[in-house]
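Notes follow the structure.
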Amino acid sequence: MISEFRSRFNQLFRPSQYEALLATLHEKCESPIGFRVAETPIFLPFTLLVELASSGAEMARALVGDAAYLAAARQAIPAGYCLPGQTPHPNFLTADFALIRAETAQNGSENPSGLVPRLVEIQAFPSVYGYQQVLNAAYKKTFALPDSLGTYLGGLDEGSYLGLLRTTILGNHSPENVVLTEFDPLNQKTLPDFLVTARRLGIKVVDIRSLKAEQNRLFYLDESGRSIPIHRIYNRTIADELIARDIVLPFALDHPWEVEWAGHPNWYFLISKFSIPWLAQMPGRFPAVPPGVFLEDFLEGDGRQRLIAAGVSLPSQIRPDTVYDQLLLKPLFSFAGKGIQFDPTQAQLDAIPQSKRGEFLLQQRMHFEPTIITPHGLTQAEIRILYLWPDGGELTPALSLVRLGRGKMMGVDHNKNQQWVGASSAFYPIGQI
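This is the structure in structure tokens:
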């Protein structure tokens, strides 16, 4: 979006540089990259990144401090996944934003760019904190980007970022007693991030199914077969995947184990798409939040009227074949865009059993504005802010992550067989700080 950097990058780009980028990532991560990496980073004004970071942080603090919201969200946690020992706040947070076309800024003043941010999703779950730092450095080195371009947020630099990440994940424990757990981690697309994080922090990557339980403690086996007590778990296990695959663990998650969680599992549910209808009902407080309602409220309550009052255009006639082309149907706790349905019909909404309707959200569809000039045409960008929130510390925006795409959805799985799309980075001119 900063034209001087965009045009210079495009002019100097050579396909051989992209091959070098992928080779560097493979080397640094010690693993193939299982998702598409974009040929280009993007170049954003620092003020825009600060605006996004501040907006996401304000939303998170409001949710964490709202007892009524937390009580309602807690009721939505599936049986067996509400764990004891919940921390006062999440350790990790991500907020995804789209840029959409608008005539005026959120405060009503003229907006020269005509672009305003809208929240796509907010989630209290770890993202690729290790891999993203490697990707940023690889872009900078491979394409000889100037030192005047930065990537860290929150006043951080390379050293303080790694220090904050270490504190957030390890807490006060020895790396030997901290594990990164995931279901079948060696076959996850996020394996490069697992390996980078484990190497930098000195912790082990462990399949959650291999943990051993003795009395109230959990253990893992090291390379020599020794049983090592676990004091803290860096939780990368997505509950939705366990539920969808009907995975039975060798221990009960909701037992009061003598273990700390870096990313307590409850927060995956407490700050999620479940929060969007709540945030949307706070008039004027969070203008970046698009209108959204729970499916059960849309079909059985005042949800339809609330969407119309918020400016969403809905069909006046309600028939089984009525199409809601301005709405998205989203499962509340799905990850990476799974289960999202465009243009749902009334019949499809009605077909969801009444007992399941509280598990879905209807949200206003946002039309990402293509803003990135590439050799393959204008491309859309989704910008994710990655936050760290150590125990007893402050919520800090640390890095941004970008997805580039030209399809309906922005996830890397939804932009295959294309070029100049995929996982990317955002750089800003340091002089703007």
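For reference, each letter of the sequence shown is one residue, going 1 to 433 in the working numbering.
All C-beta atoms, glycine included, are put in the ideal place defined by N, C-alpha and C.
>> Restricting to Cα atoms, I'd like to know which of D325, P331, A280 and Q317 is closest to A310.
In response: Taking only the C-alpha atoms, the option nearest A310 is A280.
> Unbroken beta strand (DSSP E) runs of length 3 or more, entirely within the region 332 to 412: which are they?
Replying inline: Listed in chain order, they are 360 to 364, 372 to 374, 377 to 388 and 396 to 405.
> In whole angstroms, what separates the C-alpha of Q419 from that of A20?
Replying inline: Using only the alpha carbons, I get a separation of about 16 Å.
>> Taking its Cβ as the centre, do 16 or more other Cβ atoms sit within 10 Å of K273, making it buried, or is it exposed?
In response: With 16 or more Cβ atoms within 10 Å of its Cβ, K273 is classed as buried.
>> Using only the alpha-carbon positions, how far apart do I2 and F43 sit?
In response: In this structure, the straight-line span from the alpha carbon of I2 to that of F43 is close to 6 Å.
>> Measuring CB atoms only, is the region 155 to 171 touching the region 251 to 263, in the sense that at least three cross pairs come out at less than 8 Å?
In response: Touching, yes, given that three or more Cβ pairs across the two stretches are closer than 8 Å.
> Q106 to V116, Cα distance in whole Å?
Replying inline: Because the pLDDT at Q106 is just 44, under 50, the model does not fix this residue reliably, and the point stays unresolved.
> Could you give the uninterrupted runs of the beta strand (DSSP E) lying entirely in the region 246 to 303, keeping only those of 3 residues or more?
Replying inline: Runs of the beta strand (DSSP E) inside the region 246 to 303: 260 to 262 and 292 to 294.
> Does the distance from the CB of D240 to the CB of S334 come in under 8 Å?
Replying inline: D240 is a Cβ neighbour of S334, given a cutoff of 8 Å.
> By DSSP, does A310 sit in helix, in strand, or in coil?
Replying inline: Looking at A310 - three-state DSSP - the assignment turns out to be coil, as it is neither helix nor strand.
>> Using 8 Å as the cut-off, can you tell me whether the region 70 to 86 makes contact with the region 282 to 293, which would need three or more C-beta pairs spanning the two stretches below that distance?
In response: Flag = no, the region 70 to 86 and the region 282 to 293 do not touch.
>> Could you check whether the region 248 to 260 touches the region 194 to 212, counting it as contact only if at least three pairs of C-beta atoms, one from each stretch, sit closer than 8 Å?
In response: Counting Cβ pairs under 8 Å, three or more are found: they touch.
>> Taking contact to mean 3 or more Cβ pairs, one atom from each stretch, closer than 8 Å, check whether the region 215 to 230 and the region 53 to 64 are in contact.
In response: Output reads no: the region 53 to 64 does not touch the region 215 to 230.
> Taking Cβ positions, are L399 and Q133 nearer each other than 8 Å?
Replying inline: Going by C-beta atoms, L399 is nearer than 8 Å to Q133.
> Taking the beta strand (DSSP E) that E182 falls in, what are its first and last residues?
Replying inline: Looking at the DSSP string, the run of the beta strand (DSSP E) that includes E182 is V178 to E182.
> In terms of residue numbering, what span does the beta strand (DSSP E) encompassing P229 cover?
Replying inline: Where P229 is concerned, the enclosing beta strand (DSSP E) stretches over S227 to P229.
> Helix or strand or just coil, what does DSSP make of L329?
Replying inline: Correct three-state label for L329: strand.
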